[in-house]
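One structure is given here, and the rest of the page talks about it.
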Amino acid sequence: MNVAIVGASGAVGQEFLRLLEERNFPLTSLALFGSKRSAGTTCPFKGKNLLIKELQHNDDFKGIDIALASAGGGISKEFAETITQHGAVMIDNSSAFRMDADVPLVVPEVNPDDCRQRPRNIIANPNCTTILMVVVLKAIEQLSHITRVQVASYQSASGAGAAAMAELQTQLQQVLAGDSVAIEKFKYQLAFNLIPQIDVFADHDYTKEELKMYNETRKIMHSNIEVSATCVRVPVMRAHSEAVWLETEQPLTPEQVRKALQTAAGVTVVDNPAQGEYPMPLFAADKDNVFVGRIRKDLSRPNGITLWLSGDQIRKGAALNAIQIAEYMIDHKLLPSQ
Ligand SMILES: NC(=O)c1ccc[n+]([C@@H]2O[C@H](COP(=O)([O-])OP(=O)(O)OC[C@H]3O[C@@H](n4cnc5c(N)ncnc54)[C@H](OP(=O)(O)O)[C@@H]3O)[C@@H](O)[C@H]2O)c1
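According to this note's numbering, the sequence shown is numbered sequentially starting from -19.
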């Protein structure tokens, strides 16, 4: 496969490089693109240094089979035609096309076949917090239809990109040194704080991030599920967590749910309250699976189950999910070049 990464220098772009190497992805060539800022610099890959080229409106995508895009929604919109015009399939990590009817929104553990219908040759990678949740919901949905979910997220600094991770690190040092704190990427100081706002406020005083969880969960799961989310930025460097309260049509026991999750693709159950064992972001970082635990009956609702999950949102919430989509298409010979 001839592959391109758009946004190679970013948090997600760097993870693409690590995963393509780690998973021994079938590569013929790998082209890297960025803005003027990183163009001309190199990234190490399989013992070589690959040059980042400036993304421009030209024929650089001729011959590319798969373009992994992670340079933000504005760039994805502006360059979608340039990227796909010669037949490349664009797997896009931004929110630019996710809710477009002619763009599939895919999580391979949940709705892999949706990537067969892609009239614009674009496949959207869902919102990171939503991906982690639907991987877990899918296994429970197979036991009984999930009618409703309430979720509170605990989202790490890296969800806002490489510069945001650096900002949290700097802020922690500034606070501990008693210096004044520099605030740029986040709205408030994140070090030693929580910020209950991710993205801008939209309808009904939910944030856009919270509405993404509502709309994208329904699209990925082909479901009428109702979702109410509160998304919170926390001073964790990497990996998001979520407290989830869900309701099913038929009552389920925690044992049934635990058993279904133990055999679910992409999930690891860590649920041993007696030994104080449950998922935590520190241990989910750099791992592929979504970790789930604290599975119990919701005492406030007859058909309610409550659980807790942690997952690396740069991996499964972004780069890994996109690469799994690519691998699925290769395995099922779904690419125009196959
Ligand atoms: N971080 C996450 O956990 C996560 C999860 C899911 C989805 N996403 C989405 O993935 C995308 C990237 O996120 P990120 O966290 O990797 O951000 P990031 O660390 O800030 O990286 C942004 C990347 O975009 C590139 N870029 C910016 N302007 C460009 C231009 N004009 N032409 C070409 N490249 C340009 C940057 O290249 P230069 O360095 O050359 O400027 C950089 O490589 C966003 O849409 C984000 O919403 C992120």
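Ideal Cβ placement from N, Cα and C applies to all residues, glycine included. Computed from a prediction, not measured in an experiment: that's the story for all the values here.
Within its own chain, the residues whose Cβ lies closer than 7 Å to the Cβ of D278, once the five positions on either side in sequence are excluded, are W225, G284, I285, T286, listed in chain order. For the pair V116 and V212, the CB atoms are not nearer than the 8 Å cut-off. V(-8) and T197 have their alpha carbons spaced roughly 22 Å apart.
Here DSSP, grouped into helix, strand and coil, assigns N4 to coil. Residue pairing of Q130 in beta bridges, as defined by DSSP: S208, W225.
The beta carbon of A11 sits closer than 6 Å to the beta carbons of A(-16) from its chain, once the five residues preceding and following it are set aside; these are given in chain order. Under the three-state reduction of DSSP output, R78 falls in the coil class, being neither helix nor strand. According to the DSSP assignment, A119 belongs to the alpha helix (DSSP H) that extends over 108 to 121. The segment 218 to 237 makes no contact with the segment 161 to 176: fewer than 3 CB pairs, one atom from each, lie closer than 8 Å. For N38, there is no enclosing beta strand (DSSP E), as DSSP marks it with neither H nor E.
Excluding residues up to 5 positions away in sequence, R295, K296, L300 lie with their Cβ nearer than 7 Å to the Cβ of D268 in the same chain. When beta bridges are read from the DSSP output, N(-18) appears opposite S9.
Here H220 is bridged, per DSSP, to G291.
When C-alpha distances from D40 are compared across G67, Q122, A265, the shortest belongs to G67. DSSP places A264 inside the alpha helix (DSSP H), whose first and last residues are 261 to 264. Rounded to the nearest angstrom, the gap between the Cα atoms of T210 and A254 is 29 Å.
Within the same chain, R218, A219, A264, A265, D266, K267 come within 7 Å of D292 by CB-CB distance, once the 5 residues on both sides are set aside. The straight-line gap separating the alpha-carbon atoms of K16 and E34 is approximately 6 Å.
Comparing alpha carbon positions, the residue from M201, I102, D82, V161 closest to T62 is I102.
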